[in-house]
Amino acid sequence: MSSGSVTDVRDVQPARAADSIDTRLPSMITATTRTRVVVLTVVFLVLCFGVPFLLTSFWLQVTLQAVIYSAVTLGLGLLVGRVGMFSLCQMVFVVSGAWMSLRIAQEWSMPFPLLLLVTGVLTGVLGSIIGIPALRLSGLYLALITLMAAGAITLLLKVYKFPNGGGGFWGFDTTKPSGSAALPRPSIALGDIAYFRYSLVVVSLMFLLATWHIKGKPGRAWASIRQSQVTAVSAGVHTTLYKLWAFALSAFITGVAGALLAASPGGVSVNQFPVEGSIILLAVVLMGGVYSVWGAVIAAFLLRILPRLLEQKIGLSSEVLTMLFGLGVIQVLLTTPGGIVSDLARLGDAVKRRFSRADAPAEAGP
55 MSSGSVTDVR DVQPARAADS IDTRLPSMIT ATTRTRVVVL TVVFLVLCFG VPFLLTSFWL
115 QVTLQAVIYS AVTLGLGLLV GRVGMFSLCQ MVFVVSGAWM SLRIAQEWSM PFPLLLLVTG
175 VLTGVLGSII GIPALRLSGL YLALITLMAA GAITLLLKVY KFPNGGGGFW GFDTTKPSGS
235 AALPRPSIAL GDIAYFRYSL VVVSLMFLLA TWHIKGKPGR AWASIRQSQV TAVSAGVHTT
295 LYKLWAFALS AFITGVAGAL LAASPGGVSV NQFPVEGSII LLAVVLMGGV YSVWGAVIAA
355 FLLRILPRLL EQKIGLSSEV LTMLFGLGVI QVLLTTPGGI VSDLARLGDA VKRRFSRADA
415 PAEAGP
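Residues in the sequence shown are numbered from 55 upward in steps of one, following the working numbering.
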């Protein structure tokens, strides 16, 4: 065999070995991810097509408010759990979203999805403006600044109220009764059940938007800021940009929720958004769990459904429930920083381990 033929064989062997190597990247969609998607899809379909027919009109309205407020608690949970910024003006963003949607609908006729988007963007701009003090403040000082902003905007609301078809910038007519103001619903969701489904879809999109941010580059930047702002700066994280980004995203989600609330049964009224509502909102978010998006769902249940259940079943007043929320926050801060959602996760893991140990001898036997 000539040297040329030997060289050819040696060249072919590495080529064949290289062809046998799998250079494809591993799939990001695992079996666990598929299971979660299937479970969430089933839960979503049950909520859309099963739950509304099992509830009375009163409880359907209460559940609708819980669905909408889960977006509000989600926005606050992003600030507290992901960035480490305590804000007490989340109710202001709800009020702003409701007011802006009513005012825009009064002046211009636009599709309801576009109205939600415009309202969210404008509320996000407001959130960025309020979030400017967050660039140098944190902890108690940031909470006080945002609480002062909440008090100022709530005072404006009590003076000028929600738009009711009047002229001028505020759109309020003093000759008309100053009760609740309602936003016209989209044509595909005129009924209460249809609007419940519509709101559930919109809120689900808000959860997907928040999850996309958490799993992406903003979530990694927020995590580094929460751990140590000095370390984040040394690692090249633009802390100013990402702090304002967090406030804008939180306000955007909450503003969309405010617009949905304005079109809910009964509309919105001035007395619906007291200043202390932001403190109670922070309490239930801490109890639900700020390190998981599912903590927002639990917080919305604590905020809207649980008070109605306790009021109807045992006649518990809202003042006593507020005291219980305070005790719950103390318990969470001292023993369970992850909130109720972390307790449920640990309970699920314990049950799973218990069943796995019970199945192990059966598999090992003949």
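Just so it is clear, CB atoms sit at the ideal spot from N, CA and C, and this is done for glycine as well.
Under 7 Å: does the beta carbon of residue i sit that close to some heavy atom of the ligand FMN?
i       : result
Ile-352 : Only the bare structure without any ligand can be found here, which leaves the ligand FMN out of the picture.
Just mark residue i as buried or exposed, buried being the case when its beta carbon has 16 or more other beta carbons within 10 Å.
i       : result
Gln-119 : buried
Ile-368 : exposed
Ser-111 : exposed
Leu-168 : exposed
Met-260 : buried
Arg-407 : exposed
Ile-384 : exposed
Ser-346 : buried
Thr-308 : buried
Look at the alpha carbon of residue i and the alpha carbon of residue j, and state the distance between them as a whole number of angstroms.
i       : j       : result
Gly-380 : Ser-241 : 42 Å
Leu-99  : Thr-265 : 20 Å
Lys-297 : Gly-290 : 14 Å
Ile-394 : Leu-314 : 27 Å
Ala-404 : Val-386 : 20 Å
Thr-389 : Lys-269 : 27 Å
Val-213 : Ala-206 : 11 Å
Leu-128 : Arg-411 : 36 Å
Gly-343 : Pro-187 : 25 Å
Leu-378 : Val-287 : 40 Å
Leu-156 : Leu-209 : 18 Å
Gln-115 : Val-284 : 46 Å
Met-202 : Val-105 : 40 Å
If I measure Cβ to Cβ from residue i and keep anything under 6 Å in the same chain, skipping five residues before and after, which residues do I get?
i       : result
Gly-382 : Met-341
Gly-138 : Arg-280
Val-338 : Ala-353, Leu-356, Leu-357
Tyr-249 : Arg-239, Ala-243
Taking the Cβ atom as the reference point for each residue, do residue i and residue j lie within a distance shorter than 8 Å?
i       : j       : result
Ala-152 : Ala-316 : yes
Leu-132 : Ala-300 : yes
Ile-184 : Val-172 : no
Phe-147 : Gly-181 : yes
Lys-215 : Val-324 : yes
Met-154 : Ala-204 : no
Leu-143 : Thr-95  : According to the sequence provided, residue 143 is Cys. The question's Leu does not apply to it. Taking 8 Å as the Cβ cut-off, Cys-143 and Thr-95 do not qualify as a contacting pair.
Pro-328 : Asp-246 : no
Pro-217 : Ala-235 : yes
Leu-364 : Leu-375 : yes
Once the 5 residues before and after residue i are set aside, which same chain residues still bring their CB inside 7 Å of it?
i       : result
Ser-124 : Val-257, Ala-350, Val-351, Ala-354
Gly-135 : Val-344, Tyr-345
Trp-276 : Arg-136, Val-137, Tyr-296, Ala-300
Does DSSP put residue i in a helix, in a strand, or in coil?
i       : result
Ala-248 : helix
Ala-350 : helix
Val-329 : coil
Ala-235 : strand
Val-213 : helix
Val-291 : coil
Val-344 : coil
Asp-73  : For Asp-73, the predicted model reports a pLDDT of 48, less than 50, meaning its position is unreliable and no value from the coordinates is stated.
Distance cutoff 8 Å, beta carbons only. Does residue i sit that close to anything in chain D?
i       : result
Leu-315 : Going by chain labels, chain D is absent from the structure shown, which holds only one protein chain.
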